[in-house]
Amino acid sequence: MIDEFEREGYWWLPEHPEKRVIGKLSHKLNQRLVLNIDDTFNTLAPLLSWFPYGLKSQATLIYGLIDGKVVGLFNCDIQTTKIGENLVNLQVNPEMLLYNIYFQNNDFLNKEDLNKFQKLRVDFSSLNEWVKISPLDMKSEISSTGEIKQVKVTYEQLPNIKLGVIKELELSIYFVPIFNLSSTESADIKYIIGLEIVNKNSSSLEDCKNLVIQFRDFLSFATYSSNQIVSVHARHDKNDSQYPDKMTPIEIIWNERKLSKNSDYVHHRSKMLLTYDNVKDDLEKIFQNWIDKREKFKIVFQELLINIYNPELYLEYKFLNIVQALEIYHKQTQKGKHKIEYMSQDSYQNGIYQKLREVIQNYPMEEDFKRFLDGKVKYLFKVEKNLKDRLRDIIDNISYLFVDNNDDTKQSFADTFNSQDDSLFSRITQDQNELDKFLKRVVYIRNNLIVHPDKEIKIKNQELYDLLCTVTLILQTCLLIEIEVSNNTIKAIIKNRMRNQNEWLGEDKYN
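Just so we're aligned: 253 in the UniProt record's numbering is position 253 of the sequence shown, and the numbers increase by one with no gaps anywhere.
Structure follows, in structure tokens:
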């Protein structure tokens, strides 16, 4: 969400400050941060260490001067294109950009300084809306005639909300006021809610970045909207004496693809999956679980986040992403149970398998094909569950959360929602035929999209969208369980989602 920019400046290598070139640094929508240098007279290119064939190089650090501020590009990949006899174009793709890295005594930030940041503060596009706690209190005094006599605005410094210590980094949510009282005619008072990382043990900036990305993704999951990093500011050992009581002006931009403005949309709180109020008592535990489960179910989370960060993705791709995530989730959570075993291995391989093998060996065909068939039938006593069976298992496992009572005891799928509303989950739990229709429709659409991608399937966009909402809620419920959100909270979340989003109505309703 950092604004687009394109700025021209001077650039040089730390070991050759006297050899400077002009280049343009830009960050545009759907693109990564890039520096373009037209290296007239080969000033900079010969100083770089090139890979074979002279096509690509790397530079640990490149300094620049933009708008009077010293900046640094760290861990740069550099590609070259020869334009003329004395002109080479260098395209520099840095891992990160740091602003304001000039300190006292003509000292610049260098590579070795990246693990000496004491504190980072990060602003996100929807953290204020997610937390929804205001340290501002506004009161007005009305006279007996109905006129406003006095308006009083007070700001109360709120304590940080702790998120725990992860990899020796202390995480918390902070509150900071921003106000402009320079005019006697108006007052501008705001507050920012952000993520604070305190680094007491010289952890690397890369470790800090990884936690920032984790928290950003957690917010996107919670708000069910693309959450962007607005700004990152850091406090460093080197200029600690210059700014003893406040954050230093060092700003960090990590080189990630800048998403379109449409992806910055934040859902109203009623449309969010879970809010801070839902998890405030267990937030530290839940965020730690989020990090652990992201590692365990990497692809599952990734498929959901792809849909969140790419709202313009075709419905078909979104649907396939969620269904695939559910399949993978079932395989990972049902190890040893994701196959149907028809008989014991001994009974099969000492009985039917011997008969099948005899037929294969005696049938006139090539030996290679015989070996192929023999390998195929050897383990037919058990087979992988198909998508329909996997979805049935998943729904059965989470169905106890669709019961409208305070009893967390797990009930069977058939026992849930006996006297519930007319939602989809009410219908399919009370009627096995309804469940079969739902599963059959999901499987039919998934199979046709994968096996016959060029064939037009008979489904309206509205039905596909409603199916997508339904399977997404099933996946979200599974992940809420994994990060240990309480059962009662999940029940409330599900009820809210079913009230505020679409659901599949039944195939006949879309004709």
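Where a beta carbon is used, it is the ideal one built from N, C-alpha and C, also for glycine.
A quick note: this is a predicted structure, and the numbers were derived from the prediction, not measured.
Residue burial classification, residue i (beta-carbon count within 10 angstroms, cutoff 16)
i	result
PRO17	exposed
PRO94	buried
PHE417	At PHE417, the pLDDT of 37 sits below 50, so the modelled position is not reliable; the number obtained from the coordinates is stated separately. Classification for PHE417: buried.
LYS149	exposed
HIS233	buried
THR472	buried
HIS330	buried
ASN227	buried
TYR363	exposed
SER220	buried
MET498	buried
SER225	buried
GLY146	exposed
ASN307	buried
ILE253	buried
ILE229	buried
CA nearest to the CA of residue i, picked from the options
i	options	result
LEU114	ASP38, GLN349 and LEU61	LEU61
ILE66	LEU87, VAL88, ARG20 and LEU48	ARG20
GLU164	ILE101, ILE250 and ASP281	The question names Glu, yet the displayed sequence has Gly at residue 164. Taking only the C-alpha atoms, the option nearest GLY164 is ASP281.
LEU391	GLN361, LYS370, ASP107 and GLN324	GLN324
TRP11	ILE308, VAL359 and LEU25	LEU25
ARG121	LEU205, GLU147, ASN42 and LYS139	LEU205
GLY84	GLU256, ASP77 and PHE41	PHE41
LYS56	GLU251, SER202, PRO14 and GLN91	GLN91
residue 517	SER143, ASN502 and LEU475	As shown, the chain starts at 1 and ends at 511. That puts residue 517 outside it, with no answer to give.
VAL71	GLY146, LEU479 and PRO14	PRO14
SER140	GLU147, GLY146, TRP130 and VAL151	VAL151
PHE76	PHE438, ILE394 and ASN255	At residue 76 the sequence reads Cys, which differs from the Phe that was named. When each option's Cα is compared against that of CYS76, the closest is ASN255.
THR333	LYS370, PHE179 and ILE398	ILE398
LYS82	PRO46, ILE445 and GLU251	PRO46
VAL485	ALA59, VAL34 and ASN278	ASN278
LEU479	GLN302, GLY9 and PHE5	GLN302
ARG357	GLU366, LEU373 and MET365	LEU373
GLN79	ASN310, GLU112, LEU35 and GLU251	LEU35
Alpha-carbon to alpha-carbon, residue j and residue i
i	j	result
TYR53	ARG235	Residue placement at TYR53 is poorly supported in this model, since its pLDDT is 46, which falls under 50; the coordinates are not used for a value here.
HIS268	LEU211	26 Å
ASN289	LYS460	38 Å
TYR317	ASP346	43 Å
ASN100	GLU295	35 Å
LEU326	LYS28	35 Å
CYS208	LEU169	8 Å
TYR510	TYR465	12 Å
LEU73	LEU283	35 Å
ARG32	MET96	10 Å
LEU98	PRO249	10 Å
VAL153	ASP188	11 Å
LEU313	LEU305	12 Å
ARG7	GLY68	12 Å
THR477	ASN160	29 Å
GLU463	TYR276	32 Å
MET138	TYR155	9 Å
ASP217	PHE319	20 Å
VAL451	PHE117	52 Å
GLY506	ASN488	28 Å
ASN433	LEU315	27 Å
GLY64	LEU48	16 Å
LYS370	ILE360	6 Å
SER186	ILE142	20 Å
7 Å Cβ cutoff met for residue i and residue j
i	j	result
LYS119	VAL198	yes
GLU38	ASN86	Residue 38 is actually Asp in this sequence, not Glu. No, these two residues do not count as a Cβ contact at 7 Å.
THR223	SER125	no
ILE291	GLN214	yes
LYS385	VAL443	no
ASN447	ILE457	no
PRO135	LEU158	yes
TRP504	LEU467	yes
ILE483	LYS200	no
ILE322	ILE299	no
ASN500	LYS271	yes
LEU274	ILE481	no
ILE490	LEU401	yes
SER231	ASP393	no
beta-carbon residue i near the ligand MN non-hydrogen atom, thresh 6 Å
i	result
GLU6	Questions concerning the ligand MN fall outside what the structure shown contains, since it holds no ligand whatsoever.
Mind the definition here: the stretch 157–173 touches the stretch 185–202 only if three or more C-beta pairs lie below 8 Å; say whether that holds.
yes
Count the C-beta pairs between the stretch 349–361 and the stretch 371–380 that are closer than 8 Å, then say yes if the count reaches three, no if not.
yes
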